[in-house]
Amino acid sequence: MGSHRLSRRGLLASLGVIAATPLLDACGSPKENNPGTTSQTDLSKVLPAFAPATAVKPDIASVTGAAGGVTDPTFLSYPANPPKTVTGPVGSGGTYVTMTPLWGAIPPSSGNAYYDAVNKELGSTVKIQPADGNTYGDLLAPLFASDKLPDWIDIPSWNIGKLSFGEAVRTKFADLTPYLSGDNVKQYPNLAAIPTNAWASGVWNGKLYGLPIYSSGAVIAGAYFYRKDLFDKAGVSADIKSVADLEAVGKALTNAAAGQWAFDDLFGDDGGYINQLYGFPSGNYPWTERDGKLVHRYETDGIVEALNWHAKMVKAGYLHPDAVANNSQNAKQRFWSGKVAVCTDGTGAWNGDDTKSGAAANPSYNRQAFKIFSATGGQPTVEIGNGAGMYSYLNKKLSDKQIKELLSIANYLAAPYGSAEWLTVNFGVSGKHYTMTDGNPLLTELGSKEIATSYQFLASPLSPTTVKSGNAQVTKDYAAWQADMVKYLKKPMFYGMNVSEPAQFGSLTQPMKDTITDVKLGRKPISAWTEAVANWRRQGGDDLRKFYEDIRTKFGTGQ
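Listed below in structure tokens is the structure:
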């Protein structure tokens, strides 16, 4: 889809934060020594009300699904006459220091016409200070310890675990609840247009602190993709409703002698894809209930069935040899070249650039995604992930007047795709930093030098789906698939509750991942999994269960 959507998705997916895992922090009971957790009742009291943007009409409107899910608005070209969504003055002349991560070259800070242009529109001076995203987390702890935090800072969720954030947020950052909870957010219409689910992980200790960055209302782990051109050529149906149907595809499209296999890895790291089919929880929110008792994903029948089925596909010879060797380095190339006909990947893999890469290997290349289905052919479900992987925070030392000024600025920065403000924030000045080419903005040489993701890490709108590399059909296909997918969303247990797991449980996961790899690829029998689960329970799994039982008793399940 669009350059901003994909760069953001690619970034977050590569860093594993589309659905952030529970945080690792100090041990203790939830109330006293495990700060941060918020009950569903308290969460509902502080979340901003959702009011979709109306100033800009997308070519394909958002669709509301289950569990509060909302599809991304879809644009096939930038509006010819972008409307303004903010009227009157934005800032009131204040000067504020910020800190954001940046993956890429840091643009010049002085003499930067892009910064000058945006700040002129804001009516305030927002000093952009990007830091290397790869080492960003190393900079945060000293800032917290020395109490030298800037006025406005972006903190990725994957950097929070080492900051004792549930406690620190109370003393370091401004409580935004009085300004944004419920209908209060409607003073800032562009912030109100961010889906409710995206705000949840910005709530700590029953109060709203974080502004969601690059949000989406329908985040899931990924999809099962297939080569439609290969299916059509072989006369194989892509109407997959069960793993039995998928197994038939394996038989029909595997021809080892011709160097073609039906499947790449279909399981995912730690079961991150196949859990959609077999209904067991994801690794990000791993708990479910059975007969009133908390059951970990490792203890479910679903994961056993999934392991057995995947190992069966390996034994049948339907997986590419490199996938069987657990080599994912060239997985995309295998799919592009037609060596495999079905693979799993994040939804951000489906875009115009992918089509260009695939067409270079085969002009008839056509990536599509199976509609959500279940292993048995019954009603499918798919877990909704966290609506954002980053949040920005305002310094607690700011006055009420300054907080309101910065929220007004955030409202401008969160102007939706298709607006005049979005163009300014993302592309600077027309004719200087960008030109409109084939209906979409394109950076000039100066724009490429002066503009990098910066203001967007302070506040940003619901992420749009837009045309990438001129391929509008891919954009339409994705929008249609997402509109169907959101019907099956469900909230996992402890969703959006910011639970901080005791640090001693951090070592439990890797041995289980290793065993999953061995069993799913047929290197070890299913009995190895049974033994691994028993060891997991003895080495801390049962204690982890007690910890979450305490969370459930005091705070509920987030559902």
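Residue numbering for the sequence shown follows the working numbering, starting at 119 and increasing by one per position. Beta carbons are placed, not taken as given, at the ideal position from N, Cα and C, and that holds for glycine. Bear in mind the structure is a predicted one, so any value in this text is a computation, not a measurement.
CB contact flag (MET61, ILE338, <8 Å): The structure shown has nothing for residue 61, since the chain only spans 119 to 677.
Collapsed DSSP secondary structure at GLY181 in the structure displayed: The residue labelled residue 181 in the question sits at position 63 within the sequence shown. With the sequence shown as reference, residue 181 is identified as Val, and Gly is not the correct amino acid for it. Coil, per DSSP.
Of the residues ALA173, ASN315, SER572, ASN484, the one placed nearest PRO166, counting alpha carbons only: Residue numbering aside, residue 166 sits at position 48 when the sequence shown is read from its first letter. Closest by alpha carbon: ASN315.
Beta strand (DSSP E) runs wholly inside the stretch 432-487, at least 3 long, in chain order: 458-463, 485-487
3 or more residues per run - each beta strand (DSSP E) lying fully within the stretch 281-367: 329-331, 341-345
Exposure label - SER180; buried when at least 16 CB within 10 Å: Locating residue 180 in the sequence shown gives position 62, counting from the first residue. Under this definition SER180 is a buried residue.
For HIS414, the residue or residues it bridges with in DSSP: Working through the sequence shown from its first residue, we reach residue 414 at position 296. DSSP output for HIS414 lists TRP405 as bridge partner(s).
Pairwise C-alpha distance: GLY435 and ASN373: Here residue 373 corresponds to residue number 255 of the sequence shown, with the count starting at 1. Here residue 435 corresponds to residue number 317 of the sequence shown, with the count starting at 1. Those two C-alpha atoms are separated by around 9 Å.
Presumed contact (8 Å Cβ cut-off) between CYS461 and ASP409, rounded CB distance: In the sequence shown, the residue the question calls residue 461 occupies position 343. In the sequence shown, the residue the question calls residue 409 occupies position 291. With 8 Å as the limit, CYS461 and ASP409 do not qualify as a contact, their Cβ atoms being about 37 Å apart.
Backbone secondary structure at ALA173 - three-state DSSP: Along the sequence shown, one-based indexing puts residue 173 at 55. Residue state, collapsed to three classes: coil.
Residues that GLN378 bridges to, as DSSP identifies them: For the purposes of this step, residue 378 is taken as the residue at position 260 of the sequence shown. Answer by DSSP bridge pairing, in chain order: ASN373.
Closest residue to SER264 among SER275, LYS290, VAL244 (Cα-Cα distance): On the sequence shown, residue 264 is found 146 positions in, with the first residue counted as 1. Checked all of SER275, LYS290, VAL244; the closest Cα to SER264 is LYS290.
Helix, strand or coil at ILE421 according to DSSP, with G and I counted as helix: By 1-based counting over the sequence shown, the position of residue 421 is 303. Note: ILE421 maps to helix in three-state DSSP.
Nearest candidate by alpha-carbon position, reference GLU285, set GLY324, ALA570, GLY251: By one-based count along the sequence shown, residue 285 stands at place 167. Per the Cα distances, GLY324.
DSSP bridge partner residues for PHE398 (one or two, in chain order): The residue you call residue 398 lines up with position 280 of the sequence shown. PHE398 is not bridged to any residue.
C-alpha gap between THR159 and LEU329, whole angstroms: Reading the sequence shown from its first residue, position 41 is the one you call residue 159. Reading the sequence shown from its first residue, position 211 is the one you call residue 329. Looking at the two C-alpha atoms, the distance is approximately 20 Å.
Proximal residues to VAL204 (C-beta, below 8 Å), its chain only, five neighbours per side dropped: As a first step, residue 204 is located in the sequence shown; it is residue number 86 there, counting from the start. Closer than 8 Å at Cβ, skipping near neighbours: ASN308, ASN529, TYR530, ALA533, GLU539.
Nearest residue (CA-CA) to ARG655, options ARG415, PRO559, THR571: Start at 1 with the first residue of the sequence shown, and residue 655 comes out as number 537. Looking at the Cα atoms, ARG415 is the closest of the given residues.
Buried/exposed call for THR542, threshold 16 Cβ in 10 Å: Against the sequence shown, residue 542 aligns to sequence position 424. Buried, by the Cβ-count rule.
ALA249 (DSSP reduced to helix, strand or coil): Position 131 of the sequence shown, counted from the start, is the residue given in the question as residue 249. In this structure, ALA249 counts as strand in the three-state DSSP scheme.
Strand pairing of PRO274, partner residues [DSSP]: Here residue 274 is taken as the residue at index 156 of the sequence shown, counted from 1. Paired residue(s): MET508.
C-alpha distance - GLN394 paired with GLN600, whole-angstrom precision: Indexing the sequence shown from 1 puts residue 394 at position 276. Indexing the sequence shown from 1 puts residue 600 at position 482. For GLN394 and GLN600, the distance between alpha carbons rounds to 15 Å.
Residues that LYS550 bridges to, as DSSP identifies them: For this step, residue 550 is matched to residue 432 along the sequence shown. DSSP, once it has assigned bridges, lists no residue as partnering LYS550.
The stretch 229-237 touching the stretch 453-469, judged by at least three CB pairs closer than 8 Å: no
Inter-residue spacing [alpha-carbon to alpha-carbon] between LYS245 and ALA231: Here residue 245 corresponds to residue number 127 of the sequence shown, with the count starting at 1. Here residue 231 corresponds to residue number 113 of the sequence shown, with the count starting at 1. When rounded, the distance between both Cα atoms is 13 Å.
Nearest-angstrom beta carbon gap, PRO225 and TYR254 [assumed within contact, 8 Å]: Residue 254 sits at position 136 when you count from the first residue of the sequence shown. Residue 225 sits at position 107 when you count from the first residue of the sequence shown. About 17 Å; that fails the 8 Å criterion.
Per-residue burial, GLY588 [other beta carbons within 10 Å of its own, 16 or more giving buried]: Counting from 1 along the sequence shown, the entry for residue 588 is found at position 470. Looking at its Cβ environment, which holds fewer than 16 other Cβ atoms inside 10 Å, GLY588 is exposed.
As assigned by DSSP and simplified to three states, the class of LYS608: In the sequence shown, residue 608 corresponds to position 490, counting from 1. Correct three-state label for LYS608: strand.
LEU425 vs TRP647 beta-carbon contact at 8 Å: Taking the sequence shown and counting its residues from 1, one reaches residue 425 at position 307. Taking the sequence shown and counting its residues from 1, one reaches residue 647 at position 529. Their beta carbons are under 8 Å apart, which means LEU425 touches TRP647 by this criterion.
LEU165 in three-state terms, based on DSSP: For the purposes of this step, residue 165 is taken as residue 47 along the sequence shown, with counting starting at 1. Of the three classes helix, strand and coil, the one that applies to LEU165 here is coil, per DSSP.
Cβ shell of THR295 (< 6 Å), same chain only, five flanking positions each side left out: Taking the sequence shown and counting its residues from 1, the one referred to as residue 295 is at position 177. The residues are VAL164, LYS325, LEU326.
Classification of ILE421 by the beta-carbon crowding that lies within 10 angstroms, buried from 16 upward: One-based indexing of the sequence shown puts residue 421 at position 303. Buried, since its Cβ has 16 or more Cβ neighbours within 10 Å.
Sub-8 Å separation of ALA336 and VAL188 beta-carbons: Counting from one through the sequence shown, the residue named residue 336 turns up at place 218. Counting from one through the sequence shown, the residue named residue 188 turns up at place 70. Cβ atoms of ALA336 and VAL188: closer than 8 Å.
As assigned by DSSP and simplified to three states, the class of PRO260: Position 142 of the sequence shown, counted from the start, is the residue given in the question as residue 260. The answer is helix: DSSP assigns PRO260 an H, G or I state.
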